[in-house]
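Enquirer:
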Amino acid sequence: MTEIADKLIEKIKNKEARVAILGMGYVGLPLAVEFGKAGIRAVGIDVSPERVAQINRGESYIGDVDGDELKELVDKGLIMASLPGPILGEVDAISICVPTPLRKSKDPDISYIVAATEEVAKNLRSGQLVVLESTTYPGTTDEVILPRLHETGLKVGEDFFLAFSPERVDPGNPRFNTRNTPKVVGGVTPNCVAAANALYSHAVNEVVEVTSTQAAEMVKLLENTFRSVNIGLVNELAIICDKLKVNVWEVIQAAATKPFGFMPFWPGPGLGGHCIPIDPHYLSWKLKTLNYHARFIELADEINSFMPEYVVDKVAASLNEDKKAVNGSRVLVMGLAYKKDVNDCREAPAIDMIRLLTEDGAEVVFCDPFVDADNPAAKGTAKVELTAEELSKADCTVIATDHSCFDASMIVEHSQKVVDARNLTAGIDAPDKIRRL
Ligand code: SAJ
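Under my numbering, the first residue of the sequence shown is numbered 30, with each subsequent residue one higher.
(1) My assumption, with CB atoms under 8 Å, is that N253 sits in contact with L300. Please give the rounded CB distance.
(2) Cβ of I383 within 7 Å of any heavy atom in ligand 1?
(3) Taking D449 as part of the beta strand (DSSP E), name the residues at either end of that continuous run.
(4) Give, in chain order, every unbroken run of the alpha helix (DSSP H) that is at least 4 residues long and sits entirely within the stretch 294 to 318.
(5) From the DSSP secondary-structure annotation, give me the bridge partner or partners of L191.
(6) For L107, name the three-state secondary structure that DSSP assigns.
(7) Excluding the 5 residues preceding and the 5 following V214 in the sequence, name in chain order all residues of the same chain whose CB lies nearer than 8 Å to its CB.
(8) Between G186 and V217, how many whole angstroms is the CB-CB distance? I'm expecting something under 8 Å.
(9) Quick one: Cα of L112 to Cα of V48, how far?
(10) Do you know how far the Cα of G87 is from the Cα of D104?
(11) For G186, which of helix, strand or coil comes out of DSSP?
(12) Could you give the C-beta distance for V448 and C425, rounded to a whole number, given that I count them as a contact under 8 Å?
(13) Which residues in the same chain have their Cβ closer than 8 Å to the Cβ of I457, if we skip the five residues on either side of it in sequence?
(14) Along the beta strand (DSSP E) that carries V213, what are the first and last residues, could you check?
(15) If you reduce the DSSP assignment to three classes, tell me which class M53 lands in.
(16) If you follow the alpha helix (DSSP H) that V81 is part of, which residue opens it and which one closes it?
(17) Given the structure, does I260 come close to ligand 2, in the sense that its CB is under 7 Å from one of the ligand's heavy atoms?
(18) Please go through the same chain and pick out, in chain order, the residues whose beta-carbon is closer than 6 Å to the beta-carbon of A402, but skip the five residues on each side of it.
(19) Between the alpha carbons of F399 and M336, how many angstroms are there, rounded?
(20) How is the beta strand (DSSP E) around M363 delimited, first residue to last?
(21) By DSSP, does L385 sit in helix, in strand, or in coil?
(22) Just verifying my parser: in three-state terms, what is the DSSP assignment at G456?
(23) Would you check if the distance between the CB atom of A407 and the CB atom of V427 is smaller than 8 Å?
(24) In angstroms with no decimal places, state the Cα-to-Cα distance between V94 and I268.
(25) Taking the continuous beta strand (DSSP E) assigned at S124, which residues delimit it?
(26) Can you give the Cα-Cα distance for P78 and L60, rounded to whole angstroms?
(27) Which of the three DSSP states, helix, strand or coil, is assigned to T165?
(28) Answer yes or no: the CB of W314 versus the heavy atoms of ligand 1, is any distance below 7 Å?
(29) Is W278 near ligand 1, in the sense that its beta carbon is under 7 Å from a heavy atom of that ligand?
(30) Quick one: is the Cβ of N202 within less than 7 Å of any heavy atom of ligand 1?
(31) Contact criterion: CB-CB distance below 8 Å. Does E350 meet it with respect to chain B?
(32) Quick one: what does DSSP say E392 is sitting in, helix, strand or coil?
(33) Assuming M382 contacts A346 under a Cβ cut-off of 8 Å, what Cβ separation, rounded to an integer in Å, is found between them?
(34) Under 8 Å, with one C-beta from each stretch per pair, do the stretch 338 to 354 and the stretch 153 to 172 reach the 3-pair mark?
(35) From the DSSP output, in three-state form, read off I139 for me.
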């Protein structure tokens with residue numbers, strides 16, 4: 030262990046170290062709070078002056094962060110916020126928690142990582158630890174961040190320390206949070222992973238070391254590719270069971286009674302959110318650069334991306350039973366959010382369904398108590414309230430999100446036709462009215 034590493038780890042262990050967290054979103058702000066609660070001074074860095082001001086006023090804008098708790102930590106001087114700048118040279122550790130979206134071409138967009146790395150490099154000094162948390166393709170830490178930091182003349186593993194640790198935040202999860210979710214860390218050198226382990230040991234209950242940054246980057250992609258592929262499997266199973274006239278929900282529920290070797294996933298109208306539809310593409314893109322075709326990932330994406338169209342085809346078939354065309358019919362889409370009981374509409378399948386129905390000439394309205402009428406995801410589609418009148422006015426009601434507050438019996442009772450993409454109406458026997466996946 031070099032002397033510089035020893036001193037840094039000592040400073041971290043005795044809580045004299047200060048940590049900066051770049052990116053005050055659903056990952057960064059909860060992480061800052063965990064460090065603050067552990068007595069480690071945390072500086073939240075964000076490019077948004079509004080977010081910086083809100084944090085410094087002790088105001089939380091993240092659902093999982095309690096405002097009173099944040100204010101107490103700010104008042105105690107354990108948490109403060111700042112725009113990017115020289116402060117990055119004053120802290121001992123920097124955790125980068127910035128977005129990693131896809132471009133329109135479905136290629137990775139690591140521009141936020143590159144911009145954050147630039148800010149860090151401008152202020153890098155001997156004795157600092159830098160950790161990337163943003164989900165990205167294997168190799169990003171070693172091939173993108175490390176060369177830029179080496180341009181400062183400082184040497185990794187001796188002067189500064191570099192690691193990757195995937196974020197595992199599940200917004201709104203009542204059971205798992207930053208503190209009780211094990212944290213995987215992989216470093217460029219043994220000193221790097223030792224420093225990262227010492228740091229995160231203050232914020233989480235369990236740190237899991239792997240032998241490289243690539244392994245740590247791969248862990249996160251496996252976790253989310255696992256979900257995407259298994260969701261794609263059950264979505265294809267729904268199509269297969271439909272052709273066999275078998276109830277796919279009954280089949281999966283029964284399979285889930287197997288106490289070992291099985292984990293249920295459920296069919297749906299497609300993949301939404303900012304993780305599952307995105308992360309696997311980071312892996313398949315990287316493999317393409319190595320002339321390898323990641324077939325499972327791309328097949329799962331093909332099936333999952335087809336599901337909105339599959340549901341819309343069921344709407345057309347349902348209207349057809351009443352001798353109606355999609356063109357000119359009024360369709361009520363229940364749920365714009367990408368999954369139950371959240372207000373997040375990113376990549377929501379309902380957006381694609383609304384687009385397809387509108388293109389076919391339907392008059393589409395939506396109902397979602399979690400989503401405001403002016404939410405950009407609505408793209409001008411009118412929001413209506415969940416009333417008997419609105420349900421009966423629609424020629425077909427589509428259940429795209431199974432919010433707990435949706436009353437299935439009431440929806441079926443007052444709807445002319447129902448296409449249920451979430452099995453919300455399970456147990457309701459109305460074969461002339463309900464079509465399910
Ligand atoms: N979905 C299905 N069938 C399923 C499960 C999900 O169609 O059986 C759909 C959902 O409706 C949604 C999309 O897939 O549209 C993604 O759902 P998700 O349950 O995977 O939830 P996310 O997007 O919030 O994923 C996050 C991820 N967390 C992180 O990346 C840190 C994921 O790794 C978690 O496993 C997931 O939360 C979780 O378990 O809640």
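Backbone N, C-alpha and C fix where the C-beta goes; we use that ideal spot for every residue, glycine too.
Expert: So, from the listed chains and residues:
(1) That belief does not hold up - the Cβ atoms of N253 and L300 are roughly 10 Å apart, past 8 Å.
(2) no
(3) 447 to 449
(4) 308 to 318
(5) V159
(6) coil
(7) V160, A192, F193, S194, V222, A225, N226, Y229, V236, V237, E238, V239, A245
(8) 6 Å
(9) 15 Å
(10) 8 Å
(11) coil
(12) 6 Å
(13) A437, S438, V441, I463
(14) 212 to 216
(15) coil
(16) 78 to 85
(17) Looking for ligand 2 in the displayed structure turns up nothing; the ligands present are ligand 1.
(18) K412
(19) 23 Å
(20) 359 to 363
(21) helix
(22) coil
(23) no
(24) 40 Å
(25) 122 to 125
(26) 20 Å
(27) coil
(28) no
(29) no
(30) yes
(31) Of the chains in the structure shown, none is chain B; there is only one protein chain.
(32) strand
(33) So it is not a contact: roughly 14 Å between Cβ atoms.
(34) no
(35) coil
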